[in-house]
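Colleague:
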Amino acid sequence: MQVRVQAEPFDTGAETGAFVARQSGAGAVVTFTGIVRDLPGGGLSRMEIEHYPGMTERAIGEIVDQAAARWALSDALVIHRFGPLRPAEPIMMVATAAPHRADAFMAADFLMDYLKSRAPFWKKEIGPDGAEWVAAKDSDENALNRW
Amino acid sequence: MDVLYFAWVRERIGLPRERVQTEAETVADLVAELCAREERYAAAFADPAALRVALDQELADFDAPLKGVREVAFFPPMTGG
Numbered sequence: 070m071q072v073r074v075q076a077e078p079f080d081t082g083a084e085t086g087a088f089v090a091r092q093s094g095a096g097a098v099v100t101f102t103g104i105v106r107d108l109p110g111g112g113l114s115r116m117e118i119e120h121y122p123g124m125t126e127r128a129i130g131e132i133v134d135q136a137a138a139r140w141a142l143s144d145a146l147v148i149h150r151f152g153p154l155r156p157a158e159p160i161m162m163v164a165t166a167a168p169h170r171a172d173a174f175m176a177a178d179f180l181m182d183y184l185k186s187r188a189p190f191w192k193k194e195i196g197p198d199g200a201e202w203v204a205a206k207d208s209d210e211n212a213l214n215r216w
Numbered sequence: 008m009d010v011l012y013f014a015w016v017r018e019r020i021g022l023p024r025e026r027v028q029t030e031a032e033t034v035a036d037l038v039a040e041l042c043a044r045e046e047r048y049a050a051a052f053a054d055p056a057a058l059r060v061a062l063d064q065e066l067a068d069f070d071a072p073l074k075g076v077r078e079v080a081f082f083p084p085m086t087g088g
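Each protein sequence line maps, in turn, to chains V and F. First residue of the first sequence? That's 70 in the working numbering, and the numbers climb one at a time after it. First residue of the second sequence? That's 8 in the working numbering, and the numbers climb one at a time after it.
So, in C-alpha cells, the structure goes:
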C-alpha cells in the first residue's frame with residue numbers, strides 16, 4: 070500500500086505500469102484518475118488545491134486501511150496533488166490490485182468516495198469571474214452511506 | 008494550543024495558524040471565545056454547520072472536549088478527489 074501527497078505532476082501511464090509490474094498474486098488492477106474539470110462555460114485558468122499536511126497522509130492511510138480490511142486487496146496506491154493545476158491535468162489517481170476484479174472495483178470505488186469527503190483537501194477555481202472555493206456536494210456526503 | 012485554519016476559513020480570518028491561550032473546555036467554547044475577539048472570527052464562524060473541526064488531525068464534533076488537545080483545525084467540508 071502506498072500513499073503519496075505531492076505538488077509535482079505524475080504520469081498516470083507510468084504509475085499504472087509500475088503498479089502492475091510490482092504485483093504478484095493479483096489477477097486484476099483497477100485504476101481511476103481524477104482530472105481538473107473546466108468550468109461549464111470554459112475559461113478556467115487554474116485550480117488551486119490546499120491541504121492539511123500531516124492530517125492528509127494520515128486520513129488517506131486510514132481510508133486505505135479500511136479498504137484493505139473490507140476487500141481482498143493485494144495492493145493499493147493513492148496519489149493526490151496539491152498546489153496550482155491547469156485544466157485537464159491529473160489531480161489524483163487510485164489503483165487497486167486484487168486476486169479478482171470485483172474486490173479491485175469495489176475498493177477503488179470506496180476509496181474515491183472517502184477521498185472526496187474525508188481527505189482534507191480544498192479546491193479553488195480561478196476563472197474569468199475571479200476565484201471561488203468549490204463547495205462540497207450533499208451527494209458526495211450521501212455517497213458514504215452506501216458503504 | 009495551535010489553531011489552524013484552511014480554505015475560506017483561513018481567508019476570512021486572515022491567517023493560517025496561531026497559538027491560542029485558552030481555558031475553553033470544548034470546541035464550541037473555543038469558537039465562542041474566538042468570535043468574541045474580533046469581527047473577522049465572527050464572520051468565519053457565522054455558520055458552524057458549514058464548518059468541520061479536527062482535533063490533533065482527527066475529525067471531531069463541536070461539543071468534543073479540548074483537554075489534552077494540542078492542535079485544533081477549522082475548515083469547510085472537504086473537496087478531495
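Using N, Cα and C, we set each Cβ at its ideal position, and we do this for glycine too. Just so you know, these numbers come straight off a predicted model, no measurement behind them.
For V/P109, tell me which candidate among V/G196, V/K206, V/D207, V/A205 has the shortest Cα-Cα distance.
Modeller: Within the first sequence, the letter at position 40 stands for residue 109 of chain V. Comparing Cα positions, the closest option is V/G196.
Colleague: Using a cut-off of 8 Å between C-beta atoms, extract the partners of V/V203 located in chain F.
Modeller: Counting from 1 along the first sequence, the entry for residue 203 of chain V is found at position 134. Per Cβ cutoff of 8 Å: T86.
Colleague: Between the Cα of V/R73 and those of V/A136, V/D209, V/M161, V/E119, spot the shortest distance and give me the residue it belongs to.
Modeller: Position 4 of the first sequence, counting from 1, holds the residue named residue 73 of chain V. Nearest of V/A136, V/D209, V/M161, V/E119 to V/R73, Cα basis: V/M161.
Colleague: Provide the residue(s) that pair with V/L180 in DSSP beta bridges, ordered along the chain.
Modeller: Reading the first sequence from its first residue, position 111 is the one you call residue 180 of chain V. In DSSP, V/L180 forms no bridge with anything.
Colleague: In chain order, what residues of the same chain have a beta carbon less than 8 Å from the beta carbon of V/A76, not counting five sequence neighbours either side?
Modeller: Taking the first residue of the first sequence as position 1, residue 76 of chain V is located at position 7. Within the same chain, V/A76 has close Cβ partners R150, F151, G152.
Colleague: Go ahead and pull the three-state DSSP assignment for V/D207.
Modeller: In the first sequence, residue 207 of chain V corresponds to position 138, counting from 1. Looking at V/D207 - three-state DSSP - the assignment turns out to be helix.
Colleague: Does the beta carbon of V/L184 sit closer than 7 Å to a beta carbon anywhere in chain F?
Modeller: Counting from 1 along the first sequence, the entry for residue 184 of chain V is found at position 115. Output row for V/L184: interface = yes.
Colleague: With DSSP run on the structure shown, which of helix, strand or coil describes V/G112?
Modeller: Translated into positions along the first sequence, residue 112 of chain V becomes position 43. Coil, per DSSP.
Colleague: Would you identify the three-state DSSP class for F/F69, choosing helix, strand or coil?
Modeller: Here residue 69 of chain F refers to the residue found at position 62 when the second sequence is read from its first residue. DSSP places F/F69 in coil when its eight states are reduced to three.
Colleague: When the distance is taken between beta carbons, is V/L146 closer than 7 Å to V/F88?
Modeller: Within the first sequence, residue 88 of chain V is the residue found at index 19, counting from 1. Within the first sequence, residue 146 of chain V is the residue found at index 77, counting from 1. Taking 7 Å as the Cβ cut-off, V/F88 and V/L146 qualify as a contacting pair.
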